[in-house]
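Single-structure report; data block below.
Numbering (the working numbering), first residue to last: 3 to 143.
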């Protein structure tokens, strides 16, 4: 097996795990920091909005600049969001936490393309089974 395929499958698994954790934690943080009970899940909604806004532009950026630079940009945005989230938690700033989850969602939007990079890195031609195994394998981590 190509080591890049395994690495990309592991990355897909880590980002899926991180996404699930963030959804869980964001709702709890929203409950603690939100000025209103109606806004409790706003950080989760902002994360999903960031993911949705980034997926198509991420693929266009990667088509133009390459996967390596695209994933680096996505990771930079995601890490920036994470650091901003830590700061927002330290300051108990709900609005800033919502911005942070949006940035993390954008990073996740880039990372959803790991599975396509794994297919491209594979030595074997893509078939429906081979196209789905990076996603299935990522769920095992």
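Here a beta-carbon is modelled for each residue, glycine too, at the ideal position from N, C-alpha and C.
(Q) Check whether the stretch 19-28 and the stretch 63-78 are in contact - that is, three or more C-beta pairs closer than 8 Å. (A) no
Q) Using DSSP with H/G/I as helix, E/B as strand and the rest coil, what is residue 16? A) helix
Q. Taking DSSP as the reference, what is the three-state secondary structure of residue 68?
A. coil
Q | Separation of residue 103 from residue 83, as counted between CA atoms | A | 6 Å
Q. Helix, strand or coil for residue 115 per DSSP?
A. coil
Q. Going by Cα to Cα distance, which pick from 19, 58, 33 and 119 is closest to residue 95?
A. 33
Q) Looking at the structure shown, is residue 146 part of a helix, part of a strand, or coil, going by DSSP? A) This structure cannot speak to residue 146, because the chain is shown only from 3 to 143.
Q. In whole angstroms, what separates the C-alpha of residue 52 from that of residue 45?
A. 10 Å
Q: Have a look at residue 17 and residue 38 and give me their C-alpha separation to the nearest angstrom.
A: 30 Å
Q | Member of 5, 4 and 11 whose CA lies at the smallest distance from the CA of residue 115 | A | 11
Q: For residue 108, count neighbouring C-beta atoms within 10 Å of its own C-beta (all shown protein chains included) and say buried if the count is 16 or more, exposed if not.
A: buried
Q: Could you tell me which of 119, 48 and 35 sits nearest to residue 92, measuring between CA atoms?
A: 35
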